[in-house]
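>
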Amino acid sequence: MNRIVFLLIGITALLFAATASATVIGYGEIDPSTDVDYWEITLSADGTLSIDVYAIWYEWEFDNIVDSQIYLFENDSNGTLVAYNDDVSYWDFYINSVGTDDGSISVYDSYLQFDSLSAGTYLLAIGDYYLSESEARSGYNDNNYVGTGEYQLTFDSDVDFSVSGTTPVPEPATMLLLGSGLIGFAGVSRKKIFKKN
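Mature numbering (1 follows the signal peptide of the UniProt record, and there is no 0) puts the sequence shown at residues -22 to -1, 1 to 175.
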């Protein structure tokens, strides 16, 4: 009887967890002067959205020099520009800590925040300094600045959303870790049951 109760509680917990909105983190790498990476964001309903880039000195060796620029477009036939950002303002970064939740330590990391964004699909373009709107649309950054390196994107919303892009977070590894922990708990509890008998 206890097994059935625990099984039902577990299934219920999984169902609730599947419908919760959460922070999504993605990773990518920009090659010198040419790369533009794209990320597709789909909001299930009207809501808030923040996009936080962590690129300057992202690697622990502190040799990363990507001065990110981001453009957010509606992902439809018109491709309407919603917003763009080069740098977080000094005032917001140092006084209000805007854009620092992901570990950013530089105002050169880009940040966008929307208090009300319509449900739908959006396309985020990220490139190195200086990425113009036409370059963000074409996919080729034709600048003279030779920045290269890895970056991290943190997406957060108060509604359910999904993100797909160049390099999403390696989910199978975390699921394997969770699964091995659950198997370990099952083994310990099974061992205790057999000791009682």
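Where is the CB? At the ideal position from N, CA and C, for every residue including glycine.
Everything numeric in this text was worked out from a predicted model, so none of it was measured.
Based on DSSP bridge pairs, tell me the residues matched to N63.
BP columns for N63 point to I48.
> Let me make sure I understand the geometry here. Which of Y16, V14 and L27 has the alpha-carbon closest to that of F139?
Answer by Cα proximity: L27.
> Helix or strand or just coil, what does DSSP make of G159?
In this structure, G159 counts as helix in the three-state DSSP scheme.
> Give the list of continuous alpha helix (DSSP H) stretches no shorter than 4 residues that lie fully inside the stretch 92 to 145.
Runs found: 111 to 116.
> Taking the beta strand (DSSP E) that Y32 falls in, what are its first and last residues?
That run of the beta strand (DSSP E) goes G25 to Y32.
> Within 10 angstroms of its Cβ, does A103 collect 16 or more other Cβ (buried), or is it exposed?
By the neighbour-count rule (16 or more Cβ atoms within 10 Å), A103 is buried.
> Start and end of the beta strand (DSSP E) containing D15?
Per DSSP, D15 belongs to the beta strand (DSSP E) from V14 to L21.
> Do D136 and G25 count as a contact pair if the criterion is CB distance below 7 Å?
Cβ atoms of G25 and D136: closer than 7 Å.
> Which residue from L90, S22, Q91 and F51 puts its Cα closest to that of L114?
The sequence shown places Ala at residue 114, rather than the Leu named in the question. Comparing Cα positions, the closest option is F51.
> Is the beta carbon of Y49 sitting closer than 7 Å to the one on Y32?
Contact flag unset, no.
> Of the residues E128, L101 and Q47, which one's Cα is nearest the Cα of S55?
Of E128, L101 and Q47, the residue nearest in Cα terms is L101.
> Between the C-alpha atoms of E111 and V14, what's the straight-line distance to the nearest angstrom?
For E111 and V14, the distance between alpha carbons rounds to 11 Å.
> Just to confirm my understanding: we take R(-20), look at its own chain, exclude 5 residues before and 5 after, and list those with CB closer than 7 Å. What are they?
Excluding sequence neighbours, R(-20) sits near nothing in its chain.
> Out of G165, W17 and I29, which one is the CA nearest neighbour of L95?
Nearest of G165, W17 and I29 to L95, Cα basis: I29.
> Are the beta-carbon atoms of D45 and Y89 separated by less than 7 Å?
No; because the gap between Cβ atoms is not below 7 Å, this pair is not in contact.
> Can you tell me whether G165 is helix, strand or coil according to DSSP?
G165 falls in the helix class under three-state DSSP.
> Near L57, which residues of its chain fall below 8 Å by C-beta distance, leaving aside the five closest residues on each side in sequence?
Before going further, note that residue 57 is Gly rather than Leu in the sequence given. Cβ within range, chain order: F51, L101 and R115.
> Among I(-14), Y16 and G4, which has the Cα closest to the Cα of G117?
Considering only alpha carbons, the answer is Y16.
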